[in-house]
Structures are given as C-alpha cells and as structure tokens.
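Mind the numbering: the sequence shown is residues 12 to 163 in this note's numbering, read in order.
Cβ coordinates follow ideal geometry from the N, Cα and C atoms, glycine included.
Predicted model only: the values in this text are computed from it and were never measured.
Just below is one structure, and these are the notes that go with it.
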Amino acid sequence: MEQNSWGWSDRLSLSYEPMDETHKEFVELCAALSEDNPDTFLNRLDALIVHSIAHFEQENRWMEETAFPPVGCHRQEHDAVLEVMQEVRRRVALGETDLAARLAEELPLWFEHHVDTMDNMLARFMAAGQANQLTEQLSEQQTDQQGQTQPA
Ligand SMILES: [Fe+2]
Ligand SMILES: [Fe+2]
C-alpha cells in the first residue's frame with residue numbers, strides 16, 4: 012500500500028530556520044521510505060541514516076554550545092531512534108522485509124512527537140539565546156556611542 016500522504020507542513024515548523032531546513036530534509040527522506048519498491052528500500056533507508064547522523068550531531072552540538080539543560084534526554088532519543096533504524100536495516104537485509112513498512116509507518120509518528128517536545132524546546136532555547144545576545148550587543152553599542160559623544 013502506498014502511503015505517500017505524509018510530508019512537510021507548517022505544523023512541523025519551529026520558526027527556527029536552520030532547524031526547519033534540516034527537518035524538511037528528514038521529512039522528505041522519511042516519507043520516501045513508504046515508496047512501494049522493496050528493491051530500493053535499503054538505499055532509501057541508508058540515505059535517511061546518513062542524514063540522521065548529521066542532523067542529530069548538529070542538534071547535539073547546539074545543545075552543548077548553549078548548555079541546554081535537558082541535553083541528556085534529547086540525545087538519548089536521537090541515539091535510540093538511530094539504533095532502531097540501524098537494527099531494521101540489518102534485519103531487512105537478512106530477509107525480515109515486513110519491518111520496512113512498519114518503520115515507514117512509525118518513524119513519522121516518532122518524528123512528530125520528537126519535534127513537538129525535544130526539538131521544540133531546543134528551538135525556543137536557541138531563539139531566546141540569540142535574542143539575549145542581540146540585546147547585549149545593542150546595549151554595548153549604545154554604551155560605546157555614549158562614550159564617543161562625551162567630550163574628551
Ligand atoms: Fe531535529
Ligand atoms: Fe532532536
């Protein structure tokens with residue numbers, strides 16, 4: 012059964028551009044898993060795994076750089092889903108082909124939940140951090156300008 016209705020929508024946007032761009036790529040590769048072509052399934056899954064490794068590493072790096080408090084939980088979800096993808100890859104290659112459709116069905120649900128919770132928190136935290144930085148920069152600029160206008 013074809014199941015190509017799932018795709019990117021505003022519902023998945025976190026209004027944080029660098030994350031949304033990566034998530035659009037994830038959604039595209041993840042939706043491609045439900046194509047009904049067993050011959051290319053492993054190639055499609057490999058593409059998603061390669062993407063996911065980079066995607067999760069990027070978020071893990073952001074969490075370290077910003078000292079994001081729930082870094083442990085978030086990283087654990089990344090590790091767990093990556094392990095599932097790799098395990099399914101191994102078992103489908105050994106002949107358990109019915110797992111392909113199950114993964115294609117369940118990953119979108121995992122992703123939506125992950126975006127709503129972990130990624131949503133991180134996106135807000137990053138956006139708030141950037142807003143604070145901007146405020147600091149502006150107040151530094153103001154202080155500099157005031158310094159410059161005072162007579163020597
Ligand atoms: Fe993400
Ligand atoms: Fe994440």
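Environment of residue i [buried if 16+ CB atoms lie within 10 Å]
{"i": "H34", "result": "buried"}
{"i": "R22", "result": "exposed"}
{"i": "C84", "result": "exposed"}
{"i": "A115", "result": "buried"}
{"i": "R101", "result": "exposed"}
For residue i, three-class secondary structure by DSSP
{"i": "M12", "result": "Residue placement at M12 is flagged as unreliable, the pLDDT there being 41, under the threshold of 50; the coordinate-derived value follows with that caveat. M12: coil per DSSP, three-state reduction."}
{"i": "N54", "result": "helix"}
{"i": "D21", "result": "helix"}
{"i": "A78", "result": "coil"}
{"i": "T154", "result": "helix"}
{"i": "S26", "result": "coil"}
{"i": "G140", "result": "helix"}
{"i": "L105", "result": "coil"}
The alpha helix (DSSP H) enclosing residue i, as first and last residue numbers
{"i": "D47", "result": "D47 -> no alpha helix (DSSP H), and no H or E assigned at all."}
{"i": "L118", "result": "109-125"}
Near ligand 4: residue i beta-carbon under 6 Å from a heavy atom
{"i": "V82", "result": "You won't find ligand 4 in this model; what it holds is ligand 1 and ligand 2."}
Neighbourhood of ligand 2 [Cβ distance below 7 Å to any heavy atom], ordered by chain position: Working through the chain, the matches are F67, E70, H85, E88, H89, H125, M129, D130, L133.
Inter-stretch contact at 8 Å, needing at least 3 Cβ pairs: the region 48-68 / the region 87-94: Yes: the two stretches touch, three or more of their Cβ pairs being nearer than 8 Å.
Contact the region 57-64 vs the region 40-47: 3+ CB pairs below 8 Å: These segments touch.
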